[in-house]
Amino acid sequence: MGAFSIRKAARAAAHPAARLPVAGLVSRLFLVLAATGALVSAASAQGAVRSVHEDWQIRCETPPGAQSEQCALFQSVVAEDRANVGLTVLVLRTADQKTRLMRVQAPLGVLLPAGLGLKVDNADVGRAGFVRCLPRGCYAEVVMDENLIKQFRSGQTATFFIFQTPEEGIGFPMSLKGFGDGFDKLP
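So the sequence shown is numbered by my numbering: it starts at 2 and just counts up by one.
Okay, here's the thing in structure tokens:
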């Protein structure tokens with residue numbers, strides 16, 4: 002894990018000033034989601050596979066009550082050392098096509114105050130808070146700015162970190178192969 006210290010990260014996450022600028026977007030994200038109707042259900046991961054872009058898929062479905070089909074760029078991974086612990090990432094555009102969101106579904110039982118950590122090719126990107134937990138898992142949502150999209154396009158691996166205790170972190174390496182192509186083709 003290089004210079005990344007799980008204990009240090011968990012302690013730092015407990016201090017609001019230590020959180021990423023990405024985490025500061027969460028309150029604005031709720032307004033964006035409510036205003037655009039972009040609340041794609043967790044079931045969107047179950048939608049029909051529209052296309053495959055190396056390690057990413059575009060999946061689409063029409064959510065209940067929606068006028069049109071919604072699509073997301075999707076990848077799901079399992080922890081290398083725990084076959085029963087998985088993480089899912091969805092990237093989607095809001096209905097107005099102006100905002101790109103990343104929604105990460107983590108397993109139930111995560112330490113919520115520690116949030117979700119992210120590194121791209123061992124470069125620390127930051128942390129985002131979990132915004133809600135539902136029966137299928139806990140969710141972190143962030144607006145993807147141009148810098149984060151660029152990092153995902155040019156990177157090889159994104160590693161998401163969750164914590165079950167302040168001392169016990171779990172890393173989920175996720176391939177970024179095909180992200181750029183899939184993102185460009187996302188309706």
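For glycine and all other residues, C-beta sits at the position ideal for the given N, C-alpha and C.
- Between residue 156 and residue 187, the C-beta gap is not smaller than 9 Å, which leaves the two residues out of contact.
- The alpha-carbon of residue 95 is positioned some 20 Å away from that of residue 131.
- A Cβ-Cβ contact shorter than 9 Å links residue 78 with residue 174.
- Residue burial is scored here from C-beta neighbours: residue 50 has fewer than 16 other C-beta atoms within 10 angstroms and is therefore classed as exposed.
- In the DSSP annotation of this structure, residue 98 is not part of any alpha helix (DSSP H), being labelled neither H nor E.
- Residue state for residue 118 is assigned as strand, using DSSP reduced to three classes.
- Per the DSSP secondary-structure output, residue 135 pairs in a beta bridge with 138.
- In the DSSP annotation of this structure, residue 148 is not part of any beta strand (DSSP E); the continuous alpha helix (DSSP H) holding it starts and ends at 147-155.
- If you compare the alpha carbons of 90, 80, 128 and 152 with that of residue 60, the shortest gap goes to 90.
- In the three-state reduction of the DSSP assignment, residue 110 falls in the coil class.
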